[in-house]
Every structure is written in C-alpha cells, then in structure tokens.
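Peer 1: I'd like to ask you about the structure that follows.
Residue numbers (full-length UniProt numbering): 1 to 117.
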C-alpha cells in the first residue's frame with residue numbers, strides 16, 4: 001500500500017463528498033456503502049494513511065497527468081526530469097495549499113508539504 005510501510009502518507013482527492021462520507025457516522029446507509037466499507041477497512045489497518053480533500057486547483061499536476069493518461073494510450077516513465085506537459089503547473093502545485101477534513105468534520109487549511117500536526 002505504501003512505498004515506505006509504517007510511514008505517514010496522505011491520499012488526496014478532489015471529491016469533497018467522498019472525503020466527508022468516509023467520516024460520516026451513517027456511512028453504512030450510503031448507496032455505495034460496500035465501497036466505503038472496503039476503504040474504511042484499509043484505513044483502519046493502516047493508521048499512517050490519511051485521506052484529505054484537496055481542490056483540483058491545488059493539484060493541477062495530478063489533474064494534467066490524469067488527462068494525459070486518459071487521452072494517450074502509450075506508457076510513459078519520467079525519471080530525472082518532469083514531462084514538458086506539466087512544467088507550467090508544477091511550481092503552482094508546490095506552492096498551493098490543501099484542505100484537510102478531520103474526523104470531526106472540521107477542516108484545516110495548510111500549505112502543501114507542511115507537516116500535519
């Protein structure tokens with residue numbers, strides 16, 4: 001699951017509804033409760049994982065790469081240098097902020113790459 005087992009990891013999603021539903025005490029009544037159950041089992045077995053909401057504007061690199069993968073049937077690997085198609089949004093992503101949705105449904109805004117307390 002994690003590249004470094006036992007190390008903290010953040011999974012970001014731009015779907016606020018999914019983030020809130022994971023912390024919803026009535027999640028088992030949702031139409032997609034089976035999927036939520038699977039995700040909750042993983043999260044409970046891996047306390048180092050955290051799911052947070054990050055608006056698409058905070059993660060333009062991932063959005064751009066996902067769009068590229070959707071439109072392109074070829075495989076690509078970038079080792080030393082980022083691909084040209086993300087250079088314009090790379091610096092923006094490194095300086096953006098994200099919103100963490102806490103278990104009590106409160107939110108915390110922080111700069112990306114800032115440690116979570």
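In this text, a Cβ means the ideal position worked out from N, Cα and C, and glycines have one as well.
Quick check: the Cα distance between residue 77 and residue 69, rounded to an integer number of angstroms?
Peer 2: Counting from one through the chain shown, the residue named residue 77 turns up at place 77. Counting from one through the chain shown, the residue named residue 69 turns up at place 69. Those two C-alpha atoms are separated by around 12 Å.
Peer 1: In whole angstroms, what is the alpha-carbon distance linking residue 56 and residue 14?
Peer 2: In the chain shown, counting from the first residue as 1, residue 56 sits at position 56. In the chain shown, counting from the first residue as 1, residue 14 sits at position 14. Going by the C-alpha atoms only, they are around 5 Å apart.
Peer 1: So, is residue 73 buried or exposed, given that buried needs 16 or more other C-beta atoms within 10 angstroms?
Peer 2: Here residue 73 refers to the residue found at position 73 when the chain shown is read from its first residue. Residue 73 comes out exposed.
Peer 1: Looking only at its own chain, which residues have a Cβ that is under 7 Å from the Cβ of residue 64, when we skip the five neighbours before and after it?
Peer 2: One-based indexing of the chain shown puts residue 64 at position 64. For residue 64, where only same-chain residues beyond five positions count, the Cβ hits under 7 Å are 85, 86, 89.
Peer 1: Less than 7 Å between C-beta atoms, sequence neighbours within five positions excluded: which residues of the same chain meet that for residue 16?
Peer 2: On the chain shown, position 16 is the one that residue 16 refers to. The answer, listed in chain order, is 53.
Peer 1: Could you have a look at residue 15 and say whether DSSP puts it in helix, strand or coil?
Peer 2: In the chain shown, residue 15 corresponds to position 15, counting from 1. Residue state, collapsed to three classes: coil.
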